[in-house]
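For the sequence shown, the positions run -24 to -1, 1 to 301 when mature numbering (1 follows the signal peptide of the UniProt record, and there is no 0) is used.
Worksheet: the structure to be examined is printed underneath.
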Amino acid sequence: MIKQTLAKLALALSATVATTAVLADEIRMNVVSFTPKTAAVSDGFHRFIEAMNKEFEGELELNWRGGPEVMDPFRMADAVRNGAMDMALMSPSYYSGLVPSSPSSNISLKSYEEIYATGYYDRMTEIHDERGLVYLGEIPASDVNFFIFLKEPVDNYTDLEGKRIRVWPAVLPFVKGLGAQPLVLPIGEIYTAMERGVIDGFVQGNLGWAEQFEDVVNYYITPPIYRAGFNVIVNPRKWSRLPDDLQQRVQAYLREELAPELDKGWDPVIEAGNQEVANAGFQEIRLSDADAEAYLDIAIEQAWADLETKIDPALAAELKAMLVD
């Protein structure tokens, strides 16, 4: 009896030691995102974290600590570079001061798989490395696009000339190219600015906010512009703690398997956003085929012309060839 008890204890102890050894080898990374966990656009981040932790259980754990409530989103990339944070899920334009070419991924109408085939993500890996960051890949949202929302109707995009439109830096060249007056304002100030007549409209995606704006917005222009995609950046020292084999598997899993799945998984979020727009009573101003083509051309060409003033023209030409047909 005593021998049986001792044998069971030895077996339990050995299992505990084995489990502890596995956990000891598991590397934990603290992660922040530029949006709160509750934001509609964070849907892709939830799916990314869940999939990565499941795929690399026992080897790598991503601990998503939160968003802007944890750290100023515009400081996250610097925090990753200096080691204050291990990983960040970022809008490319939020750290263009550190990596000026990062917003290039948004200035496109291509899908993730089309961009991946060009070698763009490998090139961005090299560029980020030069800036002291590991570029793991993208959480793509190619079908999440951006619209101009207005209180008063227009007959054509040319009627936007002189109107005051809220922007963020990445879309400023587009609005300026339309002849409108771009004003950079935080998201939290849009409603009040519309209510007080400070702005005539704003550029925004259509995810998770429309019903709150139904008394200050009546119209939106189609076609939408650009594509969304969120960069996964990692601290180099933390990344170096992963064995080479694990580094290769993590990167390959995100870029080759998970990212295409994430890109195709936005339909429920987009449908919910479209339904909110419909429920709020916003009316579509659909441009004619010819005007739509000219409108999109302004969106792409003005943004690239602006980027060419901020990075080496040869690099701009190289990246544009990958992102624009």
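Don't be surprised by glycine CBs; every beta carbon is placed ideally from N, CA and C.
- Note on the stretch 155 to 196: whole beta strand (DSSP E) runs with a minimum of 3 residues are 157 to 160, 177 to 180, in chain order.
- Our two residues, valine 151 and alanine 268, have alpha carbons roughly 15 Å apart in a direct line.
- CA-to-CA, the gap between glutamine 180 and glycine 42 works out to about 23 Å.
- Taking the Cα positions, leucine 183 is about 36 Å away from leucine 218.
- Where proline 212 is concerned, the enclosing alpha helix (DSSP H) starts and stops at 212 to 216.
- Residue environment: glutamate 33 is assigned as exposed (fewer than 16 neighbouring CB atoms within 10 Å of its CB, all protein chains considered).
- By the CB criterion at 8 Å, leucine 65 and valine 210 fall outside the cutoff.
- About 7 Å separates the CB atoms of phenylalanine 21 and isoleucine 115; that is less than 8 Å, so the two are in contact.
- Leucine 154 and arginine 203 have their C-alpha atoms some 19 Å from each other.
- In this structure, proline 68 lies away from phenylalanine 122, with their beta-carbon atoms at least 8 Å apart.
- The beta carbon of leucine 295 sits closer than 6 Å to those of Ser80, all from its chain and outside the five residues before and after it, given in chain order.
- In this structure, tyrosine 196 sits away from isoleucine 103, with a CB-CB distance that is not shorter than 8 Å.
- Cβ-Cβ separation between leucine 126 and asparagine 194: approximately 7 Å, consistent with a contact (criterion under 8 Å).
- Nearest C-alpha to proline 49 among Glu187, Asn29, Glu35, Phe206: Phe206.
- Collapsing the DSSP output to three states places proline 236 in a helix.
- Within 10 angstroms of the beta-carbon of alanine 16 lie 16 or more other beta-carbons, which makes it buried.
- Setting aside the 5 residues that flank it on each side, aspartate 62 is surrounded in the same chain by Met5, Asn6, Asn211, Lys214, each with a C-beta closer than 6 Å to its C-beta; the list follows chain order.
- Annotation for arginine 99: the continuous alpha helix (DSSP H) segment containing it runs 96 to 106.
- Assigned with DSSP and collapsed to three states, serine 81 falls in helix.
- Per DSSP, methionine 61 is not a residue of any alpha helix (DSSP H), being assigned neither H nor E.
- DSSP places alanine 254 within a helical segment (H, G or I) once states are collapsed to three.
- Around the beta-carbon of glutamine 259, fewer than 16 other beta-carbon atoms lie within 10 Å, marking it exposed.
- The Cβ atoms of proline 149 and isoleucine 287 do not sit closer than 8 Å to each other.
- Rounded to the nearest whole angstrom, the C-alpha separation of tryptophan 40 and glycine 257 is 36 Å.
- Per DSSP, reduced to three states, the secondary structure at tyrosine 92 is helical.
- In the three-state reduction of the DSSP assignment, glycine 241 falls in the coil class, being assigned neither a helical nor a strand state.
- Just so you know, the alpha carbons of tyrosine 167 and glutamate 190 end up roughly 10 Å apart.
- If the five residues before and after glycine 113 are omitted, its C-beta is found closer than 7 Å to the C-beta atoms of Tyr97, Val208, Gln227, Leu230, Arg231, Ala235, all from its own chain and listed in chain order.
- If you look at methionine 298, you'll find it isn't in any beta strand (DSSP E); it sits in the alpha helix (DSSP H) that goes 289 to 299.
- The beta carbon of leucine 283 lies closer than 6 Å to those of Ala292 in the same chain, with the five residues before and after it left out.
- Around the beta carbon of valine 160, fewer than 16 other beta carbons lie within 10 angstroms, which makes this residue exposed.
- Around the Cβ of glutamine 251, a 10 Å sphere holds fewer than 16 other Cβ atoms; the residue is exposed.
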